[in-house]
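A short worksheet on the structure shown next.
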Amino acid sequence: MRGVIEGLSENGMGILRAGRRELLVPFTAPGDVVVVRRWRRKKKLLIATDFEVVEASGVREAPKCPYFGACGGCLLQHLPYREQLAFKARKLFELLGIEAEVLPSPVIYGHRNRIDVVVSTSGIGFRRIGTWWDVVDIEECPVFGEASRRVLGSLREFIEDHRPSLYNIKENSGFLRYIVIREGKFTGELMVNLVTSEGVLSEEVVGYFDYANSIYWSVNRTQSDVSYGEVERFWKGEFIREKLEGVTYLIHPNSFFQTNSYQAVNLLKEVANAVEGEKVLDLYSGVGTFGIYLARKGMRVEGIEINPFAVEMATKTAELNGVEAKFRVGSDREVESLSSYDTVVLDPPRAGLHPKLIKRLLRDRPETIVYVSCNPKTLAENLGSLREAYKVESIRGLDMFPHTPHVEVVTKLKLKV
Numbered sequence: 002m003r004g005v006i007e008g009l010s011e012n013g014m015g016i017l018r019a020g021r022r023e024l025l026v027p028f029t030a031p032g033d034v035v036v037v038r039r040w041r042r043k044k045k046l047l048i049a050t051d052f053e054v055v056e057a058s059g060v061r062e063a064p065k066c067p068y069f070g071a072c073g074g075c076l077l078q079h080l081p082y083r084e085q086l087a088f089k090a091r092k093l094f095e096l097l098g099i100e101a102e103v104l105p106s107p108v109i110y111g112h113r114n115r116i117d118v119v120v121s122t123s124g125i126g127f128r129r130i131g132t133w134w135d136v137v138d139i140e141e142c143p144v145f146g147e148a149s150r151r152v153l154g155s156l157r158e159f160i161e162d163h164r165p166s167l168y169n170i171k172e173n174s175g176f177l178r179y180i181v182i183r184e185g186k187f188t189g190e191l192m193v194n195l196v197t198s199e200g201v202l203s204e205e206v207v208g209y210f211d212y213a214n215s216i217y218w219s220v221n222r223t224q225s226d227v228s229y230g231e232v233e234r235f236w237k238g239e240f241i242r243e244k245l246e247g248v249t250y251l252i253h254p255n256s257f258f259q260t261n262s263y264q265a266v267n268l269l270k271e272v273a274n275a276v277e278g279e280k281v282l283d284l285y286s287g288v289g290t291f292g293i294y295l296a297r298k299g300m301r302v303e304g305i306e307i308n309p310f311a312v313e314m315a316t317k318t319a320e321l322n323g324v325e326a327k328f329r330v331g332s333d334r335e336v337e338s339l340s341s342y343d344t345v346v347l348d349p350p351r352a353g354l355h356p357k358l359i360k361r362l363l364r365d366r367p368e369t370i371v372y373v374s375c376n377p378k379t380l381a382e383n384l385g386s387l388r389e390a391y392k393v394e395s396i397r398g399l400d401m402f403p404h405t406p407h408v409e410v411v412t413k414l415k416l417k418v
C-alpha cells in the first residue's frame, strides 16, 4: 500500500488513507510518501509495522537520538519543535473546542528527570515500538541527559563482573529487571534504583555507582512487569532533592514527581496565577508539588491524596520548607464539603475526575477551580459536566513532554453568576 501521509493522529502517528481504511504510520510526517507492507490491529486502530518512507516531506528534520525509529519513547523527534507545538495546539482545539496556546519547554533535550530502563536478556534500554517483549539496547538517553551514559555504563560493568541473571520478558524470569535513574536538574543530585526479583544483590554494587547521591535496591515480588517494588535497602542518601522556584522537594524511588523539572517551574506559576483567595484545597495532592508552593506564597492549603506514602512525603517536604500546609489521606469520592474553599486545585490521574467528585463540585460550588490535566480527552469529558455551573475563564497547554504527543493543560474555571 502506497500513499501520502495527510496529517498526524491524536497519538502522534501519520495518517495514511486507502479507501475506507485509515492506517497509522509511526515516525512519519505530513507530506511523506510511504509504502506500507504490513500492519496490525490494536483495539480499533490499524498500525503499520513494516513500512518505508520513500519520499521524505520537507517538514522533517534529523532526529538527535540514534535510537529514534526503533525505541517507542519519542514519536516526534523528526519534527521541528515548532511543528510539535503546533500539533499539540491543534490536538487541544480538536478535543476541547478551544484555542489554547502551548507553552514550549525551556529545554527539549536533557529535560527528563526520570527514566525507567529495562534490564533484559534482549537488551538494556526501552521497549521496541509495537512490542512488549523486545528491547532496544541503548548506551544513553538524550532526553534524560549525559548522566544516563555514565549510569548505564556502570550497570554494564557490574553485570559483566557479577553475572546476575537478567530479566527474560517472555518467560517473566530473571533477577535484575529494571534500573530507574532520577536526577534533580536544578540540584544535580542523582539517584539510582535497581529493581530486581527475589534474590541477593551483591553489596559491591555500591562501588559501581559511588558517584550517585542515593542508591536503592527495590524488590518486585509480583508477576507484574513494573519498574518499582518494595525497598529492600538503600545506601547513601534516603532522598535526592529538586529545587523549583525556591521550594525544595524530596524525591524517593516510589514517589511521583513531574518528569520535566524545567517546565514544572512554569506549571507551578500557571497554577499559582490561576488560584484566587486564601483558602485552597489541593486535591490529588501527591507529594505536595502544588500545595507546598502555594503555601509558601502565603495561602492556607489543605491537601488530600489517596496514597499514604505520598502524604508522608508531602508532610516531610512541607516541614523542610517551613510551611504549614496540611496533608491527609483521602479519596476523591469521599471529599467533604468544598464550599468553604476559595479555590480547589485538581490534578487527577489520566482517568480524570470521579463522577461523585463532579457531583460534589456542582453541589458545593467553590468559586474557582484550577484543573491540571495530563489527558485532554478526559479533561474535555469532565468540562462537559462542569459547564453546568462553571465557565472556562482561561486554558493553557504546557509542553511537559517534548518529542511525544502528550501535553499538559491548566484550566481555570469560575462559577457562573
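In terms of our numbering, the sequence shown opens at residue 2 and continues consecutively.
Glycine residues also receive a C-beta, built at the ideal position from the N, C-alpha and C atoms.
Of the candidates Pro64, Ala273, Glu7, the residue whose Cα lies closest to the Cα of Val281 is Ala273. The beta carbon of Ala315 is closer than 8 Å to those of Ser286, Gly287, Val288, Gly289, Gly292, Ile293, Gly304, Glu306, Ala326, Phe328 in its chain, skipping five residues each way along the sequence. Rounded to the nearest whole angstrom, the C-alpha separation of Gln264 and Phe210 is 28 Å. With a 10 Å radius around the Cβ and a threshold of 16 neighbouring Cβ atoms, Arg41 comes out exposed. The Cβ atoms of Leu93 and Pro350 do not sit closer than 8 Å to each other. Counting C-beta pairs closer than 8 Å gives three or more between the region 61-80 and the region 401-418, which meets the contact rule. Take Glu84, set aside five residues on each side of it, and the residues of its chain with a beta-carbon closer than 7 Å to its own are Val60, in chain order. By the criterion of a C-beta distance shorter than 8 Å, Arg297 is surrounded in its chain by Gly247, Val248, Asn322, Val324, once the five residues flanking it on both sides are discounted.
Distance from the Cα of Tyr342 is smallest, within the candidate group Arg366, Gly353, Lys360, for Arg366. Taking a contact as a CB-CB distance under 8 Å, the pair Ile359 and Leu414 does not count as one, their CB atoms being some 12 Å apart. Between Gly146 and Val136, the CB-CB gap reaches or exceeds 8 Å. Annotated three-state conformation of Ile216 is strand, per DSSP. Annotation: the continuous beta strand (DSSP E) that includes Met192 extends over 191-197.
Taking the CA atoms as reference points, Gly385 sits about 13 Å from Tyr372. Out of Glu313, Ala275, Pro309, Ala311, the CA that lies nearest to the CA of Leu295 is found in Ala275. C-alpha of Ser332 to C-alpha of Arg361: approximately 13 Å in a straight line. Rounded to whole angstroms, the separation of the alpha carbons of Arg388 and Ile116 is 38 Å. Counting of Cβ neighbours within 10 angstroms places Ala63 among the exposed residues, the total staying below 16. Boundaries of the alpha helix (DSSP H) around Gly385: 377-387.
Gly185 and Val201 have their C-alpha atoms some 29 Å from each other. Using a Cβ-Cβ distance cut-off of 8 Å, the region 206-220 and the region 229-238 are in contact, since at least three pairs of beta carbons, one from each stretch, lie closer than that value. With respect to the C-alpha of Val345, the residue from Gly278, His355, Gly299, Lys317 having the closest C-alpha is Gly278. Taken through DSSP and simplified to helix, strand or coil, Ala19 comes out as strand.
Distances from the alpha-carbon of Phe257 to those of Val34, Glu271, Ile241, Lys270 put Ile241 closest. About 14 Å separates the beta carbon of Leu9 from that of Ala49, a gap too long to meet the 8 Å contact definition. Of the candidates Gly98, Ser338, Val411, the residue whose Cα lies closest to the Cα of Lys270 is Val411.
Arg178 sits buried, since 16 or more C-beta atoms from the chains shown fall within 10 Å of its C-beta. Distances from the alpha-carbon of Cys72 to those of Trp133, Leu46, His253, Glu320 put Trp133 closest.
When Lys44, Val55, Asp138 are compared, the shortest CA-CA separation from Gly32 is found for Val55.
Phe28 and Arg3 have their C-alpha atoms some 16 Å from each other. With contacts defined by Cβ atoms closer than 8 Å, Ile180 and Leu156 form a contacting pair. Counting C-beta atoms within 10 angstroms of its own C-beta, His253 has 16 or more neighbours from the protein chains shown and is therefore classed as buried. Your pair Glu140 and Arg150 checks out as a contact, with CB atoms roughly 6 Å apart and the cut at 8 Å. Counting along the chain, Gly4 sits inside the beta strand (DSSP E) bounded by residues 3-5.
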